[in-house]
Structure formats: C-alpha cells, structure tokens
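Peer 1:
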Amino acid sequence: MNQYLDIAPEVKAALEAGRPVVALESTIISHGMPYPKNVETALRVEQTIRDNGAVPATIAVIGGRLKAGLSHEEIEHLGRAGRAVAKASRRDLPALVARGADGATTVTTTMIIAHMAGIRIFATGGIGGVHRGAETTMDISADLEELAQTPVMVVCAGAKSILDLGLTLEYLETKGVPVIGYGTDELPAFYTRRSGFGVDYRVDSPEELAAMFRAQRALCYRGGMLVTNPIPEEYAMPKEVIDAAIEQALRECAEQGVRGKETTPFLLARVVELTGGESLESNIRLVLNNAELAARTARALCGE
Ligand code: PSU
Ligand code: MN
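Numbering of the sequence shown is given in the working numbering, commencing with residue 254 and proceeding in unit increments.
1) Report, in whole angstroms, the separation of the C-beta atoms of valine 407 and phenylalanine 375, which I expect to be a contact under 8 Å.
2) Once DSSP output is grouped into helix, strand and coil, what is the label at cysteine 409?
3) What do you get for threonine 437, buried or exposed, if any count of 16 or more other CB atoms within 10 angstroms of its CB means buried?
4) In this structure, does DSSP put alanine 321 in helix, strand or coil?
5) Please determine whether the Cβ atom of threonine 550 lies at a distance below 6 Å from any heavy atom of the ligand PSU.
6) Please list, in chain order, all residues of the same chain as serine 342 whose beta carbon is under 8 Å from its beta carbon, the five residues on each side excluded.
7) Taking C-alpha atoms, which residue in Ala412, Leu554, Lys320 lies nearest to threonine 481?
8) Determine, using beta carbons only, whether methionine 369 and asparagine 255 come nearer to each other than 7 Å.
9) Could you have a look at leucine 258 and say whether DSSP puts it in helix, strand or coil?
10) With alanine 504 as the anchor, note down where its alpha helix (DSSP H) starts and where it stops.
11) Apply the 10 Å Cβ neighbour rule to leucine 472 and answer buried if 16 or more other Cβ atoms are within range, or exposed otherwise.
12) Out of Glu388, Tyr257, Ile282, which one is the CA nearest neighbour of alanine 321?
13) Spatial neighbours of arginine 333 within its chain, please: CB distance less than 7 Å, with the 5 preceding and 5 following residues excluded, ordered by chain position.
14) Could you tell me which of Ser458, Asp355, Thr403 sits nearest to alanine 551, measuring between CA atoms?
15) Going by other Cβ atoms of all chains shown within 10 Å of its Cβ, with 16 needed for buried, is glycine 381 buried or exposed?
16) Whose C-beta lies closer than 7 Å to the C-beta of phenylalanine 519 among residues of the same chain, with five residues either side of it excluded?
17) Considering only C-alpha positions, which residue in the set Glu460, Ser532, Phe466, Gly556 is nearest to glutamate 493?
18) Just list the alpha helix (DSSP H) runs in the segment 333-403, keeping only unbroken ones of 4 residues or longer that don't cross its boundaries, in chain order.
19) Take arginine 470 and list the residues in its own chain whose beta-carbon comes closer than 8 Å to its own, dropping the five residues that flank it on each side.
20) Pick from Thr516, Gly371, Leu521: whose alpha carbon is nearest that of leucine 554?
21) Is aspartate 438 near the ligand MN, judged by its Cβ being under 6 Å from some heavy atom?
22) Under 8 Å by Cβ, that's how I've got proline 441 and proline 483 pegged, so tell me the actual separation to the nearest angstrom.
23) Indicate, with yes or no, if the ligand PSU has a heavy atom lying under 6 Å from the CB of threonine 280.
24) Assuming contact is defined by CB atoms lying nearer than 7 Å, are isoleucine 328 and alanine 295 in contact in what I supplied?
25) Hey, would you say the C-beta of aspartate 392 is under 6 Å away from at least one heavy atom of the ligand MN?
26) Counting along the chain, where does the beta strand (DSSP E) carrying proline 518 start and finish?
27) Using three-state DSSP, classify leucine 440 as helix, strand or coil.
28) For methionine 465, which three-state DSSP category applies?
29) Looking at isoleucine 315 and aspartate 355, is the spacing between their C-beta atoms short of 7 Å?
30) Count the other C-beta atoms from every protein chain shown that fall within 10 angstroms of the C-beta of glutamate 326, then say buried if there are 16 or more, exposed otherwise.
31) Once the 5 residues before and after arginine 538 are set aside, which same chain residues still bring their CB inside 7 Å of it?
32) How many angstroms separate the CA atom of asparagine 543 from the CA atom of glutamine 509?
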C-alpha cells in the first residue's frame, strides 16, 4: 500500500471482504456548494450509498495524508473552510503531501486515490472538460486525461454547458474513454436531461454497466469509463433559465480575467448565485441520483 494513503477501517474491511465501495470527491464539498448545504449533502450522499448496500469512501487530502474515507468531522472541516482549502488536481498532490497540507480532491485526484485504495467506482455531480474557447486558452480539465489513464468508473450527470460539450466528447473519443448514457442515447447536460449530443452507448441496468467495466479490465485497458446519468425529470431546470445564467457567468469570468484553476469554481459559484436556490437543489438531487446508481453498480461488480 502507498505510504501516504490512509484507508478508513470500514472501507478497508469492505474491500478486503470483496464488498461494494463507492468513492466520492471533496471539491464538490469545498468548492461546489455553499456551507452548510455542502456538508449536509455530503452526509446525505454517503447515507444514500449505504441505503443502497455499499460503503461510501469520501476522498480528500488531510494534513498531507491521502484519505479514502473521511470522518464527519473531516467533512465538516472541508465544508466550513470552503474555497480556503486547496483544490487538488494531479499536479498538486506532491506539494500537498510534502507540505502536510489539506486538499479537496477533484474528479482527477479522487480517481487517483480511489485506484490506489482498490476502489473501482466513483460517484459525483459533473466532470471537468474542454472549456469554451479552449482553442485559444487551452483550458482542458485534467479530469479528461485521468479518465484516459486510470481504471475507475465515474458516474456523473454529464457536464455543465459552462464547457464546450462537443469538444469534450471529441477529446474523450481521442483518448479512448467510453461515454455511456444511463437510460439515454443523449449526453445529459447536468441541470438538464438533454444536450443535443449523442453518447457512445446506452445502458439500462447496473449489471450491464458492471459487464462493460469487467470487459474493459479484461482487455487490459489503462483508462476508465464515464457513465452519464440524467437528472431525474422532476428536478431538471428549464433550459432557458440555466442557459442565461451560464452565459452571464461566462461573460463575467472573461471581464474579470479569471483563469486557470479558478475558472471552474468561479463559474459554478456564479451560476448558483444567479439562479438562487433552484440550481443548488437540482445539483443536490442529481448527486443523490448518481450515488444510488453507483452503489447499485458497485454491488453488481461484486456479484451481489
Ligand atoms: N463541475 C461541476 N461540479 C464540480 C466540478 C466540476 O459541475 O464540482 C469540480 C470537480 O471537482 C471537477 C473539477 O473535477 O471541478 C474540475 O475542475 P477543472 O475544470 O479546473 O479541471
Ligand atoms: Mn482548467
């Protein structure tokens, strides 16, 4: 086992017994939602995974240790600190570990640490991707590279249209990452069920997802798999409302010269502010929905 990794006892016991475990990220807690909703949601997501027969492993860097499985106090700490905690992507882990610092893990680093711990599946809200205007900024999330090289199944609700969804799909195709629609032929756009872009494969059951993941392992592929699960109809946002907020957030981002790792958190926070509580509620609901699907798929992967 990696010398910097701490696996929580409950998670370790489940892994050793071949029981289902689902990883969860922590940037969604510190940078993705306001306090105290972020903490409340993180704990609800963990409970949903338990209710569906799997063990949750929320992942973060605490005092330079890579943690697979957090205590409630650690989740509370990350939620209260919010954007004061470093957003940790692949390039940041060496510095955080060497300095004994805290970091909130993105999709990228959650995949890295989950894989180190032996966890095969991870549930979140949305992934990073190719940003609009990437042809000049070259702003492409490290999440896409990680999906190309780390064998973890990521269950999300698609990607927000703060990104260029068409270019994101092109990038994933180049990198050989299968993009699966759960119960849909169309890539969901996080707050809405449709984006106008097709997925590679439609799958309708956790068993079928597990079979694809097993096949990918048996083929000795390095990379992972992206499962996109549409937000339940009753919690989806009206397209015009969310599009208007995203356009405004993008304009402000450009005007204020926000760049680099600050871009995504800035856009996410502005969209929530501009749409009031409605988008936050949608966000919470879709994460819970993804947690349920990931737990059921983790069970199928364990043959349960
Ligand atoms: N997109 C969302 N919600 C999020 C994120 C992205 O809809 O919380 C977070 C995730 O942690 C994701 C990260 O891995 O932002 C991507 O950041 P960047 O675009 O800087 O790679
Ligand atoms: Mn970026």
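Note that beta-carbon positions come from the ideal geometry of N, C-alpha and C, so glycine has one too.
Peer 2: Taking the structure as given:
1) 5 Å
2) strand
3) buried
4) strand
5) no
6) Thr359, Thr361, Thr362, Ala395, Lys514
7) Ala412
8) yes
9) strand
10) One point to set straight first is that residue 504 is arginine, not alanine, in the sequence displayed. Here the alpha helix (DSSP H) through arginine 504 covers 492-508.
11) exposed
12) Tyr257
13) Tyr288
14) Ser458
15) buried
16) Cys506, Val511
17) Ser532
18) 346-352, 360-370, 387-390, 395-402
19) Pro404
20) Gly371
21) no
22) 4 Å
23) yes
24) yes
25) yes
26) First-last for proline 518: 516-528, but that is the alpha helix (DSSP H), not the beta strand (DSSP E).
27) coil
28) helix
29) yes
30) exposed
31) Ile484, Pro485, Tyr488
32) 34 Å
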